[in-house]
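Residue numbers (full-length UniProt numbering): 1 to 490.
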């Protein structure tokens with residue numbers, strides 16, 4: 001690769017003449033000047049550009065963003081492959097009481113109920129231990145250890161596909177994944193490194209960029225996953241190439257996190273602001289935390305978070321099985337497109353936060369997001385064709401706004417010294433919601449398969465509306481408090 005002279009770079013002087021169009025280049029070896037043609041390549045400049053490009057690429061790979069993208073790409077490939085493998089393995093379940101499709105749906109939902117309970121419950125203690133290690137200076141621990149679990153669980157599914165192992169092997173893989181900390185340890189570790197690499201002034205932008213990258217990577221991976229699953233690897237069957245690619249991506253993540261990932265130290269002046277990572281995304285008039293704990297608002301926010309997570313998690317838990325049964329009966333490609341539609345919600349919610357926070361309060365943003373999910377999931381109750389599914393998902397455009405905004409509001413109701421504890425308790429509350437909704441929605445779905453398969457989505461919509469009540473109360477209380485403060489100020 002060459003760079004034509006004249007060049008303004010590399011500390012070279014340019015001398016021009018009105019009558020002679022030639023450039024004088026000083027040779028490093030002789031110190032003399034020669035008249036060179038304008039199109040002649042400069043070997044010294046060429047040799048200096050290549051290392052600079054390598055250094056730039058090396059600097060990029062030392063950031064957390066490549067790991068986020070590669071991990072999400074690998075996870076979306078794995079999720080689609082697991083869904084299709086479970087469908088195929090449950091297709092031959094028969095008994096004398098239920099139909100073949102009903103038995104398949106029961107098998108799929110029973111598998112995911114057990115699998116997701118393991119994935120949600122086991123990581124709690126390992127995630128807390130890894131978080132403690134991170135606070136003591138081992139910042140890479142919450143990233144490296146979970147990525148090892150990710151890699152092993154992907155390997156387990158690949159072995160299940162290649163050697164025809166029982167599907168219950170994935171329960172053991174879920175145990176390994178959970179003991180490594182799983183997503184519960186990985187994502188807080190990612191957010192911690194992202195925040196350490198930014199100042200308090202631009203921290204909210206960094207957080208939003210991380211969420212945006214996560215959504216974009218999920219979109220690309222989901223679109224590709226359905227097509228990759230149909231590719232064969234000799235006589236090993238569907239999914240082997242897709243799972244091999246997923247393993248490779250997670251292996252690269254693990255290597256990058258161990259060998260290349262750079263941990264930046266937080267500035268001392270940002271130590272107080274680090275307690276309010278989420279509050280920077282809220283409106284400027286509400287950035288200052290309360291001097292004491294507003295217990296009524298905290299309880300109301302916890303209640304709203306529990307109800308909304310219960311509704312959303314329960315509906316999404318069943319949605320993957322719902323699209324595999326008639327009348328939809330999706331293929332691997334359609335499953336990938338459906339997952340991509342879910343990832344688009346990351347982007348639309350991201351845009352929604354940017355737009356709405358300029359004109360409405362945090363409580364109003366939460367209500368907009370809850371209304372978006374309630375309307376979309378209500379329509380999902382009556383979906384019988386694929387285009388109706390996408391219309392329902394279109395109504396869910398802002399469904400991811402409520403939970404981050406609720407965390408932001410919780411952080412504003414407590415003093416800085418208690419913010420970490422409050423957010424940890426909120427996360428544990430969401431864990432309890434997950435333990436509750438997984439078996440509840442699974443059993444309701446199985447018992448309503450014959451007369452109203454969409455009953456779980458209808459219940460989810462109702463619960464979401466109930467979650468809007470405590471948020472409305474918090475909004476009224478906050479408005480009264482702000483009015484009182486203005487009167488006092490006057």
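Cβ atoms here follow ideal geometry from the backbone N, Cα and C, with glycine treated the same way.
Closest residue to residue i among the options (Cα-Cα distance)
i           : options            : result
residue 408 : 426, 397, 399      : 426
residue 119 : 170, 454, 481      : 170
residue 471 : 363, 339, 318, 346 : 363
residue 75  : 150, 101, 458, 346 : 150
residue 315 : 296, 468, 253, 396 : 396
residue 178 : 423, 187, 126      : 126
residue 193 : 174, 263, 173      : 263
residue 209 : 351, 442, 357      : 351
residue 156 : 144, 145, 164, 173 : 173
residue 449 : 98, 54, 61, 94     : 98
residue 434 : 62, 113, 394, 231  : 113
residue 322 : 421, 196, 453      : 453
residue 368 : 388, 358, 398, 293 : 398
residue 370 : 388, 386, 309, 355 : 309
residue 492 : 436, 340, 456      : Residue numbering for the chain in the displayed model covers 1 to 490; residue 492 lies beyond these limits and cannot be assessed.
residue 376 : 365, 388, 366      : 388
residue 414 : 58, 102, 299       : 299
residue 71  : 104, 219, 473      : 219
residue 394 : 344, 163, 207, 354 : 344
residue 243 : 357, 181, 152      : 152
residue 320 : 176, 442, 188, 465 : 442
residue 63  : 109, 259, 247, 245 : 259
residue 138 : 78, 257, 88        : 257
residue 400 : 419, 385, 366, 390 : 366
residue 305 : 248, 228, 175, 432 : 432
Coil, strand or helix - residue i by DSSP
i           : result
residue 72  : helix
residue 293 : coil
residue 140 : coil
residue 381 : coil
residue 450 : coil
residue 181 : coil
residue 99  : coil
residue 164 : coil
residue 261 : coil
residue 92  : coil
residue 63  : coil
residue 327 : coil
residue 361 : coil
residue 439 : helix
residue 216 : helix
residue 123 : coil
residue 1   : Note that residue 1 has pLDDT 40, beneath the 50 cutoff, so the model's placement of it is unreliable and the number below is only indicative. Coil, per DSSP.
residue 474 : helix
Rounded straight-line distance, which links the Cα of residue j to that of residue i
i           : j           : result
residue 476 : residue 123 : 37 Å
residue 438 : residue 80  : 20 Å
residue 373 : residue 462 : 11 Å
residue 166 : residue 446 : 23 Å
residue 297 : residue 402 : 16 Å
residue 90  : residue 348 : 35 Å
residue 73  : residue 254 : 14 Å
residue 326 : residue 52  : 57 Å
residue 360 : residue 136 : 39 Å
residue 130 : residue 160 : 30 Å
residue 145 : residue 226 : 29 Å
residue 411 : residue 191 : 16 Å
residue 100 : residue 168 : 21 Å
residue 195 : residue 115 : 32 Å
residue 230 : residue 383 : 26 Å
residue 107 : residue 61  : 42 Å
residue 293 : residue 215 : 34 Å
residue 83  : residue 295 : 42 Å
residue 117 : residue 354 : 34 Å
residue 223 : residue 339 : 8 Å
residue 241 : residue 162 : 11 Å
residue 496 : residue 481 : The requested residue 496 does not occur in the structure, where the chain is confined to residues 1 to 490.
residue 331 : residue 183 : 28 Å
residue 59  : residue 212 : 21 Å
residue 537 : residue 392 : Since the displayed the chain opens at 1 and closes at 490, residue 537 lies outside it and no answer follows.
residue 378 : residue 429 : 25 Å
residue 303 : residue 238 : 44 Å
Distance cut-off 7 Å: residue i Cβ against heavy atoms of the ligand FMN
i           : result
residue 214 : By its list of ligands, the structure shown contains no ligand whatsoever, and the ligand FMN lies outside what it can speak to.
| task | Tell me the start and end of each unbroken alpha helix (DSSP H) in the stretch 390 to 437 that is at least 4 residues and wholly inside, in chain order. | result | 402 to 412
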